[in-house]
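Everything in the sequence shown is counted per my numbering, starting at -8 for the first residue and increasing by one. The C-beta atom is built at its ideal place from N, Cα and C for all residues, glycine as well.
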Amino acid sequence: MVPDPLGLSEGPWGACWSGMAETSEGPRRCTMVLGSRVSHVPRGLAAPWRRDLIAGLTVALFTIPQAMAYALVAGFPPSAGIVTAMVASILGAAFGSSEFLVNGPTNALAVMLAATLALYPAQGDPVARIVLLTLMIGLLQLAAGVFRLGRLTRFVSEPVLAGFTAGAGIYIAVNQLPAVLGIERAALLTDLWGWVVPHNCLCDLLRTLASAGRGNLLAASMGVATLLLVRGLQWVEPRLRRRIPAPFVAVVLLTALAYLFDWGDAGSEPLKRVCDIQPIARALPRLALPVIEPAQMAEMVSAALTIGLLGALEAIAIGKVLAARAGHPFDANQQLLGEGMCNVGAALVGGFASSGSFTRSAVNFESGAASRWSVIYSGLLLLAIVLAFAPAAGYIPLAVLGATLIHIGLKLVNVGRLRWLMQTTVSDRVVLLVTLGGVLVATHLEYALFLGIGVAIIQALRRAEGFKLVLLEEGPHGNLDEHPLATATCGPVVAIDLQGELFFAGAEELEQRLKTIFDHGTRAIVLRLSHAYNLDATCAAAIAQVARAARAQHKHLILAGVKPGMYGTLERAGLVREMGPETIFRHEPLLLSAMTKALAHAHALAGGERER
-8 MVPDPLGLSE
2 GPWGACWSGM
12 AETSEGPRRC
22 TMVLGSRVSH
32 VPRGLAAPWR
42 RDLIAGLTVA
52 LFTIPQAMAY
62 ALVAGFPPSA
72 GIVTAMVASI
82 LGAAFGSSEF
92 LVNGPTNALA
102 VMLAATLALY
112 PAQGDPVARI
122 VLLTLMIGLL
132 QLAAGVFRLG
142 RLTRFVSEPV
152 LAGFTAGAGI
162 YIAVNQLPAV
172 LGIERAALLT
182 DLWGWVVPHN
192 CLCDLLRTLA
202 SAGRGNLLAA
212 SMGVATLLLV
222 RGLQWVEPRL
232 RRRIPAPFVA
242 VVLLTALAYL
252 FDWGDAGSEP
262 LKRVCDIQPI
272 ARALPRLALP
282 VIEPAQMAEM
292 VSAALTIGLL
302 GALEAIAIGK
312 VLAARAGHPF
322 DANQQLLGEG
332 MCNVGAALVG
342 GFASSGSFTR
352 SAVNFESGAA
362 SRWSVIYSGL
372 LLLAIVLAFA
382 PAAGYIPLAV
392 LGATLIHIGL
402 KLVNVGRLRW
412 LMQTTVSDRV
422 VLLVTLGGVL
432 VATHLEYALF
442 LGIGVAIIQA
452 LRRAEGFKLV
462 LLEEGPHGNL
472 DEHPLATATC
482 GPVVAIDLQG
492 ELFFAGAEEL
502 EQRLKTIFDH
512 GTRAIVLRLS
522 HAYNLDATCA
532 AAIAQVARAA
542 RAQHKHLILA
552 GVKPGMYGTL
562 ERAGLVREMG
572 PETIFRHEPL
582 LLSAMTKALA
592 HAHALAGGER
602 ER
């Protein structure tokens, strides 16, 4: 019989648990259906449940300070971060593809939510707006999973993600600097040297530094102490060979210190605490449908698409890494469904958008987790901890949470990864710098992400359109020697090897270069296509135009080495009928066979034209 440490044999999980316990074939997966989709829940539970329980507890301890801090970044009360983490971790494990991915509040999404909220400073309830946005994000991700759009995430390049992640880390640190210095948001200077500056990362940093004189020395001291304590614990960790939840330990110790010395109430400059924003109550999450406002939804479509894309990219990227390390299969479309369920569930309990957390997922994996039950345990244990110790969380100083976030944010600036990308190619360097710079100066963070993706796509198109034309000359032994193709190449018959991608971006250049060769007196061009790929309608039309222009001058364009797929494209485009099947020599297994026949035909045509 499988141990049941949390009483899962009772309630809605009972049938699933009993089925696993009674099978003689080993642990069996429990299925949960989303429409016609099936997701497997427990895996490998019989023997390693203790490992999952320990890993889940470790993850829960790491989650508490992070979730509360990210809630503050997103403009929510800290309790909303805890609720979001509970719901997202359980639903993500139940419906997602990854065995070890831990869903919940993340730094990048919290930053995006805060930036979206800043666009509507005096328009209704900001929390209700973000809850509605979270519902929109979840529904979009569910639709993407149902329509199997997971593969599209591969078109967002590594430099875009690296630049945006590093920029988000800097943004988080700058955003939390006022809390660490003890400066009220309302006390920040609104202009600098007589100039009203925009709200972006760099200007916010300048505004905070200019307002440093309005800070709280006690808050700043607590912030510095938090950073030093976290770094010290992380330095000790490998020497003890034990995993230490450094942010959690730092928050507990410094909160206890502030409570013992009554720094939250006493003195002329008391520390601002979590309970000053909203008390954290001992209560289960309550289900409530967000208020649907069509006008607000129309305003936030762009933000929903951007944040949904970023969240999907985060989760899928982390899921792939963990699956590769564990040797497990990974389905990006199933993970999209899991992310969608996380966000829909979070919206129904008043939470905010979540995604896969790299930090907590790594902690889960390295703590010895054996299955997705470790993630489910983390959510349940998080609920138990909050129900038991909720009032104590209200005494946490905001400066301590802010310093924890600064530490996490600066860790996102992976200098080694950025240096490697800067040293690879010029195009990667440009995309990285544009994305990172966009995050630092943009007033809308989604614009920075779209800008990076746009520049990456332009760079890819520029590389893709760079097809190559190589001159082929007949050697003394019937072989074909390759030479660079000069602009003024001429002769009765010219053989050319066309290499690379044949899509719309290069169609005009291909047409002009072939026409130029005809203009220099060539009677027949043999164009070998065996090294060309992905012919599209635009390039097919360009080849047809060259053939028509040549025919009008009693000249000839002959195609050789045409593979079956490309021949089908030519046939559907009408080129086989227009050029004549006798001018198209299909690919043959024997080396140079098609090219030899095409050259013989070209010489015969060129010789016949000269005689006439």
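*Looking at C-alpha atoms only, which residue of Gly158, Phe509 and Ala241 is the closest neighbour of Asn405?*
Gly158
*In three-state terms, what does DSSP make of Gly(-2)?*
For Gly(-2), the predicted model reports a pLDDT of 38, less than 50, meaning its position is unreliable and no value from the coordinates is stated.
*DSSP bridge partner residues for Leu94 (one or two, in chain order)*: Inspection of the sequence shows that residue 94 is occupied by Asn rather than by Leu. For Asn94, which the question treats as bridged, DSSP gives the partners Gly347.
*Contacts around His578, its chain only, beta-carbon distance under 7 Å, and the 5 residues preceding and following it disregarded*: Ser521, Gly552, Val553, Lys554 and Ala585
*asked:* Starting from Ile399, trace the alpha helix (DSSP H) in both directions and tell me its first and last residue.
replied: Unbroken alpha helix (DSSP H) run through Ile399: Leu389 to Lys402.
_Please report the straight-line C-alpha distance between Ala486 and Arg142, rounded to a whole angstrom._
39 Å
*Can you tell me which of the three DSSP states Gln490 falls into?*
strand
_Among the candidates Ala591, Ala375, Ala383 and Arg420, whose CA atom is the shortest distance from the CA of Ala51?_
Ala375
*With a Cβ-Cβ cutoff of 8 Å, do Gly385 and Val265 count as a contact?*
yes
*Note the first and the last residue of the continuous alpha helix (DSSP H) segment covering Pro281.*
Run containing Pro281: none; DSSP gives neither H nor E here.
*Figure out for me which residue from Leu328, Leu48 and Leu131 has the closest Cα to the Cα of Ala84.*
Leu328
*Got a sec, what are the start and stop residues for the alpha helix (DSSP H) Lys311 sits in?*
Val292 to Ala317
*Return the CA-CA distance between Phe155 and Glu305, expressed in angstroms with no decimal places.*
Approximately 11 Å between the Cα atoms of the pair.
*Three or more C-beta pairs closer than 8 Å, one from the region 358 to 378 and one from the region 124 to 133: is that the case here?*
no
*Please name the residue in Ala515, Asn470, Leu476 and Gln536 whose C-alpha comes closest to that of Glu499.*
Cα-wise, what sits closest to Glu499 is Gln536.
*Can you tell me the Cα-Cα spacing of Val432 and Leu409, whole angstroms?*
About 19 Å.
*Ala344: which of Pro56, Leu48 and Met77 sits nearest, CA to CA?*
Met77
*Around the C-beta of His398, are 16 or more other C-beta atoms found within 10 angstroms, so that it is buried, or is it exposed?*
buried
*Alpha carbon of Ala515 to alpha carbon of Ala543, nearest angstrom*: 13 Å
_For Val517, tell me which candidate among His594, Val446, Thr529 and Glu562 has the shortest Cα-Cα distance._
His594
*Alpha-carbon spacing of Gly512 relative to Val567, whole angstroms*: 25 Å
*Verify whether the separation of the beta carbon atoms of Ala390 and Gly214 is less than 8 Å.*
yes
*Since Ile55 and Gly359 are thought to touch, with beta carbons under 8 Å apart, how far apart are those beta carbons, to the nearest angstrom?*
Not really, about 21 Å apart at Cβ, beyond 8 Å.
*asked:* Is Arg198 a contact residue of the ligand FAD, with contact defined as CB to any heavy atom under 7 Å?
replied: The ligand FAD is not among the ligands present in this structure, which contains no ligands whatsoever.
*Should Arg62 go down as buried or exposed, given a rule of 16 or more other Cβ atoms within 10 Å for buried?*
Correcting the residue identity first, residue 62 is Ala in this sequence and not Arg. It is buried - the Cβ of Ala62 has at least 16 other Cβ atoms within 10 Å.
_By alpha-carbon positions, which one of Asn98, Ile174, Leu172 and Asn166 ends up nearest to Cys194?_
Asn166
*Whose C-beta lies closer than 8 Å to the C-beta of Leu245 among residues of the same chain, with five residues either side of it excluded?*
For Leu245, where only same-chain residues beyond five positions count, the Cβ hits under 8 Å are Met213, Ala216, Thr217, Leu220, Pro388 and Val391.
_Cα-Cα separation between Arg453 and Glu330, rounded to whole angstroms_ = 34 Å
_Less than 8 Å between the C-beta atoms of Gly370 and Val122, yes or no?_
no
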